[in-house]
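A.B. asks: This structure is in structure tokens; I'll ask about it shortly.
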Amino acid sequence: MTGSGPLAVCDRVSRQFGEFTAVSEVSLEVGAGEIVGLLGANGAGKTTLIRMLLGLLPASAGKVLLFGNPPSRGTRRRIGYVPQGLGLYDDLTPAQNLEFSAAAFGAQRRELPASLLPYADTQVGSLPLGLQRRVAFAQALSHQPDLLILDEPTSGVDPLGRARLWETIAGAASAGAGVLVTTHYMEEAGECSGLVIMAEGRVVAEGTAPEIIGTARVTVVETPAWAAAFGALEEARMPVALAGRALRVPGATPDEVRRALSGAGGPGARVHEAPATLEERFFQLALPRSTTEESA
Amino acid sequence: MSRRPGGAATGAAGDEQGGWGVDEISVQYRGRLALDRITLHAATGQVTAVVGGDGAGKTTLLRCLAGALAPGSGQVRRPAARQIGYLPGSSGTYPDLTVRENLDFRAAAYGLPAGQARERSGDLLERAGLAGARDRLAGQLSGGMRQKLGVIAAMLTAPRLLVLDEPTTGIDPVSRSGLWWLIARAAASGCAVVLTTTYLDEAERAAAVLALDAGHELAAGTPDQIVAAVPGTLRGAVGEPPGEDRRRAWRRGGRWRVWDPPGTTGGGGTAMEPDLQDAVTIAALARELGTAGSTVTGSTR
């Protein structure tokens, strides 16, 4: 069985599609009780990596190990997977969906969670999306998997609903499962015990959010005349972003920003440095390597 | 337009207050209230975010604001149709037309001379990373590129009100950054921008926020006002809170947070300052638990 080793291992895994390298020498591990967040732009290789872990796609090079073995139908049985599209049968009820997946995996049939019992006999397709998502989670967890793979699990969910879904994910991790989760939203990255950032098929950073942010800083411009300041910084081709009524400029020092502003921020403008957010650090990591979109 | 007593009224007089918006609008849909007396002020030169999950009423609100749906009651303040740029959640571009053709068509439909439209769109396309995609069919663009095209098309006629329904949903962070640059540029040029999102870290970039839940207002105001208006107190705890506390607790960043409504005394844990995400979560909890003071509203309106 698993022993004390990691549940999932990718060791310098690559995947080619003809000439195109979707995943290039990626190494990562997911251990018991860990929640690993996988971040990256579209086309970074996240979905290809997940498909290799699920055993749906063989690696072109490198080694994928699940519970110490190559991916197989046997390892798939120990994985709970929630795809972006949820993967439910719309014309079956929640109970029938659970029954079907239990039969398909050869797992013992589990009861629906109490919160879903009122909807046990309703066709999944006619349930609101939030409930469908809870059914997909119940199904992925119903065979008590050792490894959970979640592809953008909280898309479209309200903040309280999202907190509740993360309770479920963290609960599974506390009970010893390993979790690999993709998200486009940095507020969710804070729920992970570790992060892996991919760009162009490669791992460009890994660690906790503070480790990845490191000493990266941005310049913040606070001024009532933010629109004029935005125009001046845009004119200087600086990568300026709006945050409330403040402007944030990554990759430029306060002096450079002051020069570009040349008074456009008005007399009350305050220009100072601040620690970068995870999202801002993400761009620094993802952008220089990524080709421009029009050539994608 | 005239105001009819008891019914919905619209008017272009709204800009006197420095913006557009809806006042106390309600919408019935299939026998239930899709919007219940919702008020939203969209100030010029500012981004206003409407946040909530699926079914919260965000799209219904935006359709009312853009003039695609008449509310059952309440008032809508919006400019003339030609001064509204509206990107519906279902794309807003024509998949069988190229990027260039989409923009030309939009310009023609709004009576904007083609030369002027191309001049205006050229820089936007370049800054949004779409300049090399002018001759590609919109249907063949990635989701992020298609959304950027939709926003550029909505901005093309220099609208006074830009209404964007979930422009960044399902879009990766790199494309999202390009979309936010377009949004900021529209606001900087004096346009009132209203957009919807399901994520609070995104809403936090807006100057004002309205949080909806099942057609009801959960919270409204600037992020600071919403945080300042949180009723009761918030405390952090390491382990899962026991008993009654569990119902008012949620997990965030690997730790637990417990909300104590006004007049209750907190159990174990350390007091903490809520942020916008906490504030909206608390408002949703308060509503779920039927606690008084379940709307967290700033004082701007």
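If you read the sequences in order, they're chains C and D.
For the first sequence, the numbering used here assigns the number 1 to the initial residue and increments by one for each residue that follows.
For the second sequence, the numbering used here assigns the number 1001 to the initial residue and increments by one for each residue that follows.
Ideal placement from N, C-alpha and C gives every residue a C-beta, glycine not left out.
Just to check, is the beta-carbon of residue 23 of chain C closer than 7 Å to a non-hydrogen atom of the ligand HEM?
C.D. replies: In the structure on display, the ligand HEM does not appear, and there are no ligands present to speak of.
A.B. asks: Within the chosen definition, does the stretch 1053 to 1067 of chain D reach the stretch 1030 to 1043 of chain D through at least 3 CB pairs nearer than 8 Å?
C.D. replies: yes
A.B. asks: With 8 Å set as the bound, which would you pick, yes or no: does the beta-carbon of residue 1253 of chain D sit closer than that to a beta-carbon of chain C?
C.D. replies: yes
A.B. asks: With DSSP as the reference, please indicate the residues paired to residue 272 of chain C in a beta bridge.
C.D. replies: C/220
A.B. asks: Nearest CA to the CA of residue 154 of chain C: which residue from C/148, C/162, C/147?
C.D. replies: Checking every option, the nearest Cα to that of residue 154 of chain C belongs to C/162.
A.B. asks: Output, in chain order, the set of chain D residues within a Cβ distance shorter than 8 Å of residue 128 of chain C.
C.D. replies: 1054, 1055
A.B. asks: Taking the C-alpha atoms as reference points, what is the distance between residue 146 of chain C and residue 61 of chain C?
C.D. replies: Between the alpha carbons of residue 146 of chain C and residue 61 of chain C lies a gap of roughly 25 Å.
A.B. asks: If we cut at 8 Å on Cβ distances, does residue 300 of chain C have a partner in chain D?
C.D. replies: Nothing can be reported for residue 300 of chain C: it is not among the residues displayed for chain C, which extend from 1 to 296.
A.B. asks: Does the count of Cβ pairs from the stretch 132 to 149 of chain C and the stretch 87 to 94 of chain C closer than 8 Å reach three?
C.D. replies: yes
A.B. asks: Taking all protein chains shown into account, do 16 or more other C-beta atoms lie within 10 angstroms of the C-beta of residue 1116 of chain D, making it buried, or fewer, making it exposed?
C.D. replies: exposed
A.B. asks: Quick check: residue 1026 of chain D and residue 1074 of chain D, are their CB atoms within less than 8 Å of each other?
C.D. replies: yes
A.B. asks: Please determine, among C/77, C/83, C/78, C/120, the residue with the shortest C-alpha to C-alpha distance to residue 97 of chain C.
C.D. replies: C/120
A.B. asks: What residue range does the alpha helix (DSSP H) around residue 1155 of chain D cover?
C.D. replies: Residue 1155 of chain D -> alpha helix (DSSP H) spans 1143 to 1155.
A.B. asks: For a contact meaning CB atoms closer than 8 Å, what does residue 1047 of chain D contact in chain C?
C.D. replies: 242
A.B. asks: Got a sec: is the Cβ-Cβ distance from residue 238 of chain C to anything in chain D below 8 Å?
C.D. replies: no
A.B. asks: May I have the straight-line CA-CA distance separating residue 191 of chain C from residue 1253 of chain D, to the nearest angstrom?
C.D. replies: For residue 191 of chain C and residue 1253 of chain D, the distance between alpha carbons rounds to 4 Å.
A.B. asks: Enumerated in chain order, which unbroken segments of the beta strand (DSSP E) with a length of 3 residues or greater are wholly contained in the stretch 1146 to 1218 of chain D?
C.D. replies: 1161 to 1164, 1192 to 1197, 1208 to 1213
A.B. asks: Check whether the stretch 180 to 200 of chain C touches the stretch 26 to 37 of chain C, taking contact to mean three or more Cβ pairs, one atom from each stretch, closer than 8 Å.
C.D. replies: yes
A.B. asks: Would you list, in sequence order, the uninterrupted beta strand (DSSP E) runs of no fewer than 3 residues that lie entirely inside the stretch 1226 to 1266 of chain D?
C.D. replies: 1233 to 1237, 1249 to 1252, 1255 to 1260
A.B. asks: Which residue marks the beginning of the beta strand (DSSP E) containing residue 186 of chain C, and which one marks its end?
C.D. replies: In the DSSP assignment, residue 186 of chain C falls outside any beta strand (DSSP E) and within the unbroken alpha helix (DSSP H) covering 186 to 189.
A.B. asks: Mind checking the stretch 1136 to 1153 of chain D against chain C and listing, in chain order, the residues whose C-beta falls within less than 7 Å of any C-beta there?
C.D. replies: For the stretch 1136 to 1153 of chain D, which is checked against every Cβ of chain C, the residues closer than 7 Å are 1142, 1144, 1145.
A.B. asks: Closest to residue 33 of chain C by C-alpha separation, out of C/81, C/175, C/72, would be which residue?
C.D. replies: C/175
A.B. asks: Report the CB separation of residue 185 of chain C from residue 1201 of chain D in whole angstroms; it is logged as a contact under 8 Å.
C.D. replies: 6 Å
A.B. asks: Which chain C residues are close to residue 1281 of chain D, counting only those with a beta carbon under 7 Å from its beta carbon?
C.D. replies: 159, 160, 163
A.B. asks: Based on the DSSP output, what are the partners of residue 1025 of chain D in its beta bridges?
C.D. replies: D/1038
A.B. asks: Within 10 angstroms of the Cβ of residue 164 of chain C, are there 16 or more other Cβ atoms? Answer buried if so, exposed if not.
C.D. replies: buried
A.B. asks: With DSSP collapsed to three states, give me the class of residue 211 of chain C.
C.D. replies: Note: residue 211 of chain C maps to helix in three-state DSSP.
A.B. asks: Suppose you measure from the CA of residue 269 of chain C to the CA of residue 240 of chain C; what does that come to, to the nearest Å?
C.D. replies: 15 Å
A.B. asks: If the cut is a Cβ gap below 9 Å, which residues of chain C does residue 1227 of chain D touch?
C.D. replies: The contacting residues do not exist; residue 1227 of chain D stays about 12 Å from chain C at best.
A.B. asks: Taking the alpha carbon of residue 26 of chain C as the reference point, which residue from C/199, C/78, C/229 has its own alpha carbon closest?
C.D. replies: C/199
A.B. asks: Starting from the C-beta of residue 55 of chain C, find all residues in its chain whose C-beta is less than 7 Å away, skip the five residues before and the five after it, and write them out in chain order.
C.D. replies: 71, 72, 75, 76
A.B. asks: Closest to residue 1199 of chain D by CA distance: which of C/187, C/143, C/11 is it?
C.D. replies: C/187
A.B. asks: My guess is that residue 1049 of chain D and residue 1206 of chain D are in contact by the Cβ rule of under 8 Å, so how many angstroms apart are they, rounded?
C.D. replies: Sure, about 4 Å apart at Cβ, within 8 Å.
A.B. asks: For residue 1020 of chain D, which residues of its own chain have a beta-carbon under 6 Å away from its beta-carbon, when the five flanking residues on both sides are left out?
C.D. replies: These residues qualify, in order along the chain: 1014, 1042, 1077, 1078, 1161, 1192.
A.B. asks: Beta-carbon separation of residue 250 of chain C and residue 273 of chain C under 8 Å?
C.D. replies: no
A.B. asks: Could you have a look at residue 1281 of chain D and say whether DSSP puts it in helix, strand or coil?
C.D. replies: helix
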